[in-house]
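>
Residue numbers (the UniProt record's numbering), protein chains in the order written: chain A, 1 to 213; chain B, 1 to 213.
(1) Is the Cβ of residue 6 of chain A closer than 8 Å to any Cβ of chain B?
(2) Quick check on residue 49 of chain A: does DSSP put it in helix, strand or coil?
(3) Please state whether DSSP places residue 208 of chain B in a helix, a strand or coil.
(4) Going by Cα to Cα distance, which pick from A/33, A/45, A/23 and A/26 is closest to residue 130 of chain A?
(5) Using beta-carbon positions only, say whether residue 203 of chain A and residue 193 of chain B come within less than 8 Å of one another.
(6) Roughly how many angstroms separate the alpha carbons of residue 50 of chain B and residue 41 of chain B, rounded to a whole number?
(7) Going by DSSP in three states, residue 164 of chain A sits in which element: helix, strand or coil?
(8) Do you know offhand how far residue 106 of chain B's Cα is from residue 205 of chain B's?
(9) Go ahead and label residue 58 of chain A buried or exposed: buried means 16 or more other beta carbons lie within 10 angstroms of its beta carbon, across all protein chains shown.
(10) Out of curiosity, what's the CA-to-CA distance linking residue 18 of chain A and residue 127 of chain A?
(11) Specify the secondary structure class of residue 59 of chain A as computed by DSSP and reduced to three states.
(12) Using the Cα positions of residue 98 of chain B and residue 68 of chain A, report the straight-line distance between them to the nearest angstrom.
(13) Using a Cβ-Cβ cut-off of 7 Å (strictly less than) and excluding sequence neighbours within five positions of residue 208 of chain A, which residues of its own chain qualify?
(14) Anything in the region 184-198 of chain B with a Cβ closer than 7 Å to a Cβ of chain A? List those residues in chain order, please.
(15) Would you say residue 46 of chain A lies against chain B (beta-carbon separation less than 8 Å)?
(16) Any residues in the region 125-150 of chain A with a beta carbon nearer than 7 Å to a beta carbon of chain B? Which ones, in chain order?
(17) Of all Cβ atoms in chain A, is any one closer than 8 Å to the Cβ of residue 166 of chain B?
(18) Check whether the Cβ of residue 211 of chain B lies closer than 8 Å to any Cβ atom in chain A.
(19) How is residue 1 of chain B classed by DSSP in three states: helix, strand or coil?
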């Protein structure tokens with residue numbers, strides 16, 4: 001995703017098009033991101049310090065303050081960078097298969113402590129930092145927008161009404177799973193994932209996510 | 001709800017049946033709960049201290065440590081106490097009306113800073129305290145169990161298949177709203193609430209929440 005511009009993150013490091021892959025700027029940013037993730041996972045947002053990020057990344061504290069402004073800017077940029085991946089939604093041939101695969105990805109991510117720790121830490125940080133919350137909002141908005149082709153394919157196959165909103169459908173699949181993970185603190189399993197996908201599918205078929213004609 | 005028994009919370013204060021309403025024990029517990037909520041809302045879990053709760057509640061620090069063990073026990077008991085209310089699910093005469101009223105309650109609660117601050121603080125605390133997470137899990141499990149009559153009435157009216165699980169349906173209404181509030185950090189409004197209710201209704205009608213016959 002394109003990063004949220006901010007005074008603390010100059011375009012040279014935050015706009016993907018202007019960073020040479022593998023260049024010094026990109027390497028620095030990735031090293032800093034790794035240090036931020038490690039710190040968030042280990043200490044949480046309240047315990048994360050610029051000193052820790054400097055020590056872990058090998059980037060001088062003065063540089064961190066100058067380019068990222070402080071802990072809030074570091075966390076927001078790490079999240080921006082997380083959104084610059086090449087993830088695309090599943091394409092299994094049926095909407096039901098695609099939605100079940102989407103739900104399974106959430107279950108698999110959070111079922112793996114190594115994979116789930118960073119997203120959980122970002123979600124926790126957003127409770128304490130408005131900039132982290134903004135970065136999270138941008139991350140998810142962009143992520144759900146990537147699901148448009150999935151819904152277009154389904155509409156073309158006649159599986160959902162034309163005009164079904166991809167973002168609403170994608171959110172509907174994820175919501176019950178994140179709700180259990182971070183609100184009701186209940187376990188996830190494949191049955192829960194399947195039910196989340198089927199519930200979203202039933203709602204989509206019924207036209208709940210279609211804009212009024 | 002009945003409180004989670006724990007060494008730090010003796011039955012005399014945590015089991016509702018054994019506390020005389022208005023008695024000294026109940027008054028102390030409520031004063032402590034109010035102080036915990038105020039501290040959570042103002043400073044968040046990382047900033048909450050037994051000293052603060054003592055000062056705000058007028059209950060001696062030694063008593064707080066003896067009866068609640070520390071900050072974790074205080075937060076868990078405040079949440080237990082929050083579950084001891086008399087909330088019952090809406091009864092509007094139709095399942096659609098009931099589900100829309102449920103969703104609207106969430107929107108209204110979190111649209112009111114005074115009402116929404118404490119639940120949000122508990123949800124945040126659960127990221128940092130396993131005991132808070134357990135108390136939250138118990139709180140929601142009991143809350144959703146209270147929705148059984150709502151679903152029984154709907155099944156009796158033929159609005160959903162017999163065997164529809166009340167907990168799954170109630171979770172389905174709430175999940176998209178909490179997802180926006182605390183994960184994707186997107187605003188809630190009446191349209192979003194209506195869509196959450198209608199999506200849960202469509203899924204329930206399609207039998208997604210019915211146990212396999």
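Think of the CB as a built atom: it goes at the ideal place given N, C-alpha and C, for glycine as much as any other residue.
On the basis of the supplied data:
(1) Caution is warranted here: a pLDDT of 27 is assigned to residue 6 of chain A, below 50, making its placement in the model unreliable, and the coordinate value is therefore given only provisionally. It does not: the Cβ of residue 6 of chain A has no partner Cβ on chain B nearer than 8 Å.
(2) coil
(3) coil
(4) A/45
(5) no
(6) 15 Å
(7) strand
(8) 23 Å
(9) exposed
(10) With a pLDDT of 42 at residue 18 of chain A, under the threshold of 50, the predicted position of this residue should be treated as unreliable, though the coordinate-derived value follows. Those two C-alpha atoms are separated by around 32 Å.
(11) coil
(12) 48 Å
(13) none
(14) 184, 185, 186, 195 and 198
(15) yes
(16) 126, 127, 128, 133, 136, 137 and 140
(17) no
(18) no
(19) Any reading at residue 1 of chain B must be qualified, since the residue scores a pLDDT of 34, below 50, and its modelled position is unreliable; the value itself is stated next. Correct three-state label for residue 1 of chain B: coil.
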